[in-house]
Amino acid sequence: MDRHNTSSKIARASAPGKVILFGEHFVVYDTPAILAAITRRVEASAKLNDSKITIKSDIGLSAEYAFGNSGERAGSSVQDQASARFLDPLYQLVRDLLVKENTTHGVEVEISSRVTHGIGLGSSAACCVAVAAAVSSLLPSCLSDKANVCKIATESERLIHSNSSGADCFVCTFGGLIQYSRNRGFSNIESNHHPLSFIVADTGVKHSTAELVSLAKKFRESNRPQFDNLANEATQICNQALGAIKSRNLEKLGNLMNQNHSLLQKLGVSHQRTDQLVDICLNAGAIGAKLTGAGGGGAVLALADGSAKQTIASKLRDKGFSCFEAEIDYDGLKIPAT
Ligand code: MEV
């Protein structure tokens with residue numbers, strides 16, 4: 000690609016955040032999980048420039064990387080450790096795309112997110128997916144399909160936590176309600192666009208997915224039989240949940256969510272604040288509630304119907320917790336025509 004071809008074209012892409020309805024943590028060890036993309040998005044825009052890679056996010060993080068001809072990182076000015084942790088994997092993703100193109104151009108990336116970071120709603124995965132799609136659509140060998148974007152995004156997310164099951168990037172790319180297992184891949188849950196609705200509540204306690212995944216790993220290493228029993232129960236819960244979703248048995252689904260939460264408590268990845276929020280949601284009329292994602296604080300997912308949603312939301316807000324209503328997003332990655 001010719002250096003003089005730098006155009007002012009701005010490419011955009013967006014990807015939804017996600018919730019895990021069933022099976023988080025156990026999915027890392029090839030048990031099934033059920034995930035849904037939710038109606039909150041991360042948007043990325045990208046524009047070629049002369050030689051630097053700059054990445055800026057509206058959560059106050061920014062970094063600038065010099066981009067050498069060899070594609071090697073030639074130096075960086077990264078605001079702080081938080082920026083580095085969050086943005087370095089995105090830098091590597093962008094750099095790899097540019098290097099494959101054999102270009103010496105740089106790129107400016109801007110990220111704007113409505114998916115709260117660090118609470119298990121797939122913000123890192125949605126960023127990786129949206130950035131991969133936006134940057135690639137500036138390049139001649141534009142990643143032609145969602146599967147390719149998902150692959151690149153998953154590689155990048157594995158730089159954030161190396162044991163990633165790949166489930167988050169998958170659902171953020173394809174959207175909808177899916178069943179996923181690490182070795183058997185995914186299947187769409189034939190749901191005729193089920194209007195499941197949720198309250199997603201923020202415990203206010205940020206977590207590190209990588210640390211919680213390694214906590215679960217240590218549990219597995221030191222209590223293998225107990226871990227295997229929990230994983231078997233998680234598999235059964237997930238299988239029953241598939242039936243409950245298909246037959247629209249919300250009571251059963253809620254009950255299975257409660258059971259799944261109790262497995263995660265036993266695994267040691269819940270948090271006092273998470274349990275408190277689960278109780279608030281259930282007492283206010285949620286059909287079921289559990290931690291969602293990695294745990295250790297983070298987000299709580301409550302299944303709720305009709306007017307119970309408002310009651311739950313106001314009880315949570317009265318106690319000082321932020322929350323929002325969410326439905327399932329069936330679009331996944333969106334790349335608007337430029
Ligand atoms: C994180 O959202 C979900 C985990 O199961 C990790 C993973 O699947 O990579 C905890």
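Note that the sequence shown covers residues 0 to 337 in numbering that gives the first Met the number 0. For glycine and all other residues, C-beta sits at the position ideal for the given N, C-alpha and C.
Check	Outcome
Which residues mark the beginning and the end of the alpha helix (DSSP H) in which K252 is found?	Rather than Lys, the amino acid found at residue 252 in this sequence is Leu. Note, L252: alpha helix (DSSP H), L249 to L266.
Helix, strand or coil for A336? Go by DSSP, reduced to three states.	coil
At which residue ranges does the stretch 51-137 contain complete alpha helix (DSSP H) runs of 4 or more residues, listed in the order of the chain?	80-99 and 122-135
Find out if the Cβ-Cβ distance for the pair G22, I37 is shorter than 8 Å.	no
Beta-carbon within less than 6 Å of S135's beta-carbon, same chain only, minus the 5 sequence neighbours each way: which residues are those?	L96, C141 and L142
For the beta strand (DSSP E) that contains C168, what are its first and last residues?	Not the beta strand (DSSP E): C168 falls in the alpha helix (DSSP H), residues A166 to F173.
With a 10 Å radius around its C-beta and 16 neighbouring C-beta atoms as the bar for buried, classify K318 as buried or exposed.	exposed
I need the DSSP call for P224, collapsed to helix, strand or coil.	helix
Just to confirm before moving on: does the CB-CB distance between L158 and Q235 stay below 8 Å?	no
Within 7 Å: the Cβ of I19 and any heavy atom of ligand 1?	yes
Do you know offhand how far S207's Cα is from L281's?	26 Å
Is A307 near ligand 1, in the sense that its beta carbon is under 7 Å from a heavy atom of that ligand?	no
Quick check on G16: does DSSP put it in helix, strand or coil?	strand
When every heavy atom of ligand 2 is checked, does at least one fall within less than 7 Å of the C-beta of H24?	The model depicted lacks ligand 2 and carries ligand 1 instead.
Output the distance between the C-alpha atoms of A43 and Q225, rounded to the nearest integer angstrom.	43 Å
Can R181 and S164 be called in contact, C-beta distance under 8 Å?	yes
Buried or exposed: G297, going by 16 or more other Cβ atoms within 10 Å of its Cβ?	buried
What residues in its chain sit with their C-beta under 8 Å from that of L255, if we drop five residues either side in the sequence?	F21, I236, Q239, A240, A243 and G287
Would you give the residue range spanned by the beta strand (DSSP E) that D201 belongs to?	S196 to D201
Are the beta-carbon atoms belonging to A293 and L211 less than 8 Å from one another?	yes
Any idea if N259 is buried or exposed, counting beta-carbon neighbours within 10 angstroms, 16 or more meaning buried?	buried
I want to see whether chain B comes within less than 8 Å of G59, judged by CB atoms only; does it?	Any reference to chain B falls outside this structure, which holds one protein chain only.
Look at C322 and A312 and say whether their C-beta atoms are less than 8 Å apart.	yes
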